[in-house]
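S.K.:
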Amino acid sequence: MLSIYDATIPPLKRALSNLAAILKKGEEYADAKKVDHQVLLNSRLFVDMYPLTRQIQIATDMSKGAGARLAAIEIPKYEDNETSFAELQARIAKTVAFLDSINPEQLEGGEVRDITIIIRKADIKFSGQDYLLKWVLPNVYFHVTTAYNILRHNGVELTKQDFLGPRD
């Protein structure tokens, strides 16, 4: 039987680890092509979409929020002031470390826990399972995919395997 811990922590950590690897390739590409890092960090797919930096902030926010809410602990607060590849890598690493600090026992019963989030001043209510499966995972994958696409669109050589990560 799949536990809520197994459905939450390992997939989020994997997505973030793959995001860190994708981001590293973006930085290496910028260095090799002598492209100012800010060009990539501020790139977006379309004018009304968030830039790369914000995509990473949202993916990490969703991940730490999920771990904390499902474990009924306080969500770590981040300043959202990253302006470099190194700062974004540190944010990802800090989020993975937070997820690593959550043990399976803390998530027991998380699938039935009442979760309420506020989006644009409206309360959205979920069971823990619905929150994870219908809100968190789709959002994390969307923002990781968008970060991938921003870098790929700008010439970074990425493949589907970069998104999926190493086979375990």
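In this text, residue positions in the sequence shown follow this note's numbering: the first is -3, and each later residue adds one. Where is the CB? At the ideal position from N, CA and C, for every residue including glycine. These figures come from a predicted structure and were not determined experimentally.
How many whole angstroms separate the CB atoms of H33 and E24, which I take to be in contact at a CB cut-off of 8 Å?
M.R.: 11 Å between Cβ atoms; not a contact.
S.K.: Going by Cα to Cα distance, which pick from T112, T56, S39 and S13 is closest to G151?
M.R.: Closest by alpha carbon: S39.
S.K.: To the nearest angstrom, how far is it from the Cα of P72 to the Cα of K30?
M.R.: Spanning the two alpha carbons is a distance of roughly 35 Å.
S.K.: Going straight from the alpha carbon of D164 to that of R10, what length do you get?
M.R.: Each residue's alpha carbon lies about 10 Å from the other.
S.K.: Pop quiz: Q51 and I146 are said to be a contact at Cβ under 8 Å. What is the actual Cβ separation, rounded to whole angstroms?
M.R.: Contact flag correct, Cβ pair sits at about 7 Å.
S.K.: Which residue marks the beginning of the alpha helix (DSSP H) containing T142, and which one marks its end?
M.R.: Note, T142: alpha helix (DSSP H), L133 to H149.
S.K.: Beta-carbon within less than 8 Å of L37's beta-carbon, same chain only, minus the 5 sequence neighbours each way: which residues are those?
M.R.: Around L37: P47, L48, T49, T79, S80, F81 and L84.
S.K.: Starting from the Cα of F94, find the closest Cα among S(-1), D27 and I69 and give me that residue.
M.R.: Per the Cα distances, I69.
S.K.: Of the choices T112, P6 and L154, whose alpha-carbon is the least far from that of T217?
M.R.: Examination of residue 217 is not possible in this model, given that the chain is present from -3 through 164 alone.
S.K.: Starting from S13 and walking both ways along the alpha helix (DSSP H), at which residues does that stretch end?
M.R.: Element bounds for S13: I0 to K29.
S.K.: Roughly how many whole angstroms lie between the Cα atoms of Y137 and G161?
M.R.: Taking the straight line joining both Cα atoms gives about 13 Å.
S.K.: Locate the beta strand (DSSP E) running through F122, then write down its first and last residues.
M.R.: Looking at the DSSP string, the run of the beta strand (DSSP E) that includes F122 is A118 to S123.
S.K.: What do you get for T4, buried or exposed, if any count of 16 or more other CB atoms within 10 angstroms of its CB means buried?
M.R.: Buried, because 16 or more other Cβ atoms sit within 10 Å of the Cβ of T4.
S.K.: With a threshold of 16 other CB atoms inside 10 Å of the CB of S53, please say whether the residue is buried or exposed.
M.R.: One detail in the question is off: residue 53 reads as Gln in this sequence, not Ser. Counting Cβ neighbours within 10 Å, Q53 comes out buried, since at least 16 surround it.
S.K.: Taking all protein chains shown into account, decide if A118 is buried (16 or more other Cβ within 10 angstroms of its Cβ) or exposed.
M.R.: Exposed, because fewer than 16 other Cβ atoms sit within 10 Å of the Cβ of A118.
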